[in-house]
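K.L.:
Please read through the structure below; I'll follow up with questions.
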Amino acid sequence: MTKTFEQIVEMSPELIAFYPLAPVPWQRKGQMAFGDFSPPTLEKKYQLYITGRNALLQNGYLSTGMGFFIKKESRLGQSFLNKKIKRNLMSIFSKKSDFLLGLGVSSMSQVKDVLIQNERILEKYLFEIGKGGTSLWRTHKRSLLESSTQQLFENLISDNTIKNSQPILKEINKFKEDGLIEDKQKLLQITEKGKDFLKNIFQAIDPYIQ
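Read in the numbering used here, the sequence shown has 73 at position 53, and its numbers run on one by one without any break.
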């Protein structure tokens, strides 16, 4: 891991996404090819994450949370410092857009509140493209609750804040006790330590998980 991050820092990309593989062998059977090799324990994964995180922070990268690291002097970095960064289903961007074009197998597109995914199987994707088809696999129109949840998530990413409302307070008191969240009048502010746990914080207030 240390050697890998030495090489990454040398290449100096503007954006790095760094988080553990989500094991879903019931959806991705290829993941079972690991055989008897078990994934690292939670503690080991966190140690590996901290190793990479520290290497990036020490070399001019900013942590936005959710595994994203951006160079301070880049357009994304300046957007993040000005609390204008936006997050959608694919990555983070310096401006908000209701339109996203995904190219290639399994890629995701967005047209306002409609989400579109291309064929996930390469052979099917190539077949549809070859006969002049659309290669679309499925679509989904967001509900009002889904859209409001997405906005809540975007706010959490862009300025690391949550509105200080009573229903949310019940769910995240434990994060306050651990020093991951601080009270800031009408807002709850994610601390620097809390950025490493944005996913956990968001899952605690996600109405669909509740």
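No residue lacks a Cβ here, since even glycine has one placed at the ideal position from N, Cα and C.
Source: prediction; values computed, not measured.
How many Å lie between Q47 and Y39 at the Cα?
P.N.:
Roughly 19 Å separates the two Cα atoms.
K.L.:
Count Cβ pairs between the segment 111-129 and the segment 59-66 that sit closer than 8 Å; are there 3 or more?
P.N.:
As far as the Cβ criterion goes, the segment 111-129 does not touch the segment 59-66, which means the pair count is below three.
K.L.:
What's the C-alpha gap between F100 and I136?
P.N.:
Going by the C-alpha atoms only, they are around 27 Å apart.
K.L.:
Is it true that the CB of N184 sits closer than 9 Å to the CB of L146?
P.N.:
Contact flag unset, no.
K.L.:
Helix or strand or just coil, what does DSSP make of I141?
P.N.:
In this structure, I141 counts as coil in the three-state DSSP scheme.
K.L.:
Check this for me: beta carbons of G124 and M110, under 9 Å apart or not?
P.N.:
Taking 9 Å as the Cβ cut-off, G124 and M110 do not qualify as a contacting pair.
K.L.:
Is it right to say R158 is buried, meaning 16 or more other beta carbons lie within 10 angstroms of its own, or is it exposed?
P.N.:
That one is exposed.
K.L.:
Confirm, please, whether the CB-CB distance from S32 to K103 is below 9 Å.
P.N.:
Contact: no.
K.L.:
In the DSSP assignment, what are the bridge partners of G85?
P.N.:
F88.
K.L.:
What's the gap between the Cα of M128 and the Cα of R140?
P.N.:
Between M128 and R140, the C-alpha separation is close to 10 Å.
K.L.:
By the three-class DSSP mapping on this structure, what secondary structure does Q171 have?
P.N.:
Note: Q171 maps to helix in three-state DSSP.
K.L.:
Under the rule that 16 or more other beta-carbon atoms within 10 Å means buried, what is L218, buried or exposed?
P.N.:
Result: buried.
K.L.:
Counting only runs that start and end within the segment 199-230, where is the beta strand (DSSP E) found for 3 or more residues in a row?
P.N.:
Taking only runs of at least 3 residues, the beta strand (DSSP E) segments lying wholly in the segment 199-230 are 201-204 and 207-210.
K.L.:
Grab me the residues of E34's own chain with a C-beta within less than 7 Å of its C-beta, minus the 5 sequence neighbours each way, in chain order.
P.N.:
Result list for E34: I90, K91, S94 and L96, in chain order.
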